[in-house]
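Q: In the numbering used here, the protein residues as written are -12 to 172. Each residue gets a CB set at the ideal place from its N, CA and C atoms; glycine is no exception. Just so you know, these numbers come straight off a predicted model, no measurement behind them. Following this message is one structure expressed as structure tokens.
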């Protein structure tokens, strides 16, 4: 798949913001997801288009939507190169609503929520976590439905251009905390 194909599949123009790209992906996923009558192959292709479209445009960093920040004291500097993104970081064997609620509990251990869009998006600060370099860190969790489970895409960065926590450390911390939850059977 080429970047042109990705934008055509999503139905957005090249140069669209990450927020616009994700909104288009959400709309398309309501048709292409296997639980909505689509196919697994169509959803995989749509997820590939999402990842490619987000990575293709260098004019936008794949970061939280700062237009909806609740706290005026939070000054996020997303132009710093100290940000990383991992598509398909881990999978949780529950539907997105349950996964999002569990991530919300884990996020509360890390710091305040900056932005949420249940059950698909949760952004939070990491300053209360025990992770190295987390004092100015933030995390974005995107919950992607995957045939009865949820794949979580992570983005990790720093709010003030200082060193951000390692994405692998944040992922491992989140997975460890999620595994401590007593999931309903």
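What is the rounded straight-line gap between the Cα of residue 0 and the Cα of residue -6?
A: Distance between the alpha carbons of residue 0 and residue -6: 6 Å.
Q: Would you report the Cα separation of residue 159 and residue 42, rounded to the nearest angstrom?
A: Residue 159 and residue 42: Cα-Cα distance of roughly 23 Å.
Q: Note down the Cα distance separating residue 105 from residue -9, rounded to an integer number of angstroms.
A: Between residue 105 and residue -9, the C-alpha separation is close to 30 Å.
Q: Per DSSP, which one or two residues make a beta bridge with residue -3?
A: For residue -3, which the question treats as bridged, DSSP gives no partner whatsoever.
Q: Tell me the DSSP secondary structure of residue 152 in three-state form.
A: Of the three classes helix, strand and coil, the one that applies to residue 152 here is coil, per DSSP.
Q: Residue 125 by DSSP, collapsed to three states: which one?
A: Strand at residue 125.
Q: Taking the C-alpha atoms as reference points, what is the distance between residue 84 and residue 107?
A: For residue 84 and residue 107, the distance between alpha carbons rounds to 8 Å.
Q: Give me the residue from 168, 6 and 166 with the minimum Cα distance to residue 127.
A: When only C-alpha atoms are compared, the closest one is 6.
Q: Is residue 60 helix, strand or coil by DSSP?
A: No answer about residue 60 holds up, because its pLDDT of 42 lies below 50 and its placement is not dependable.
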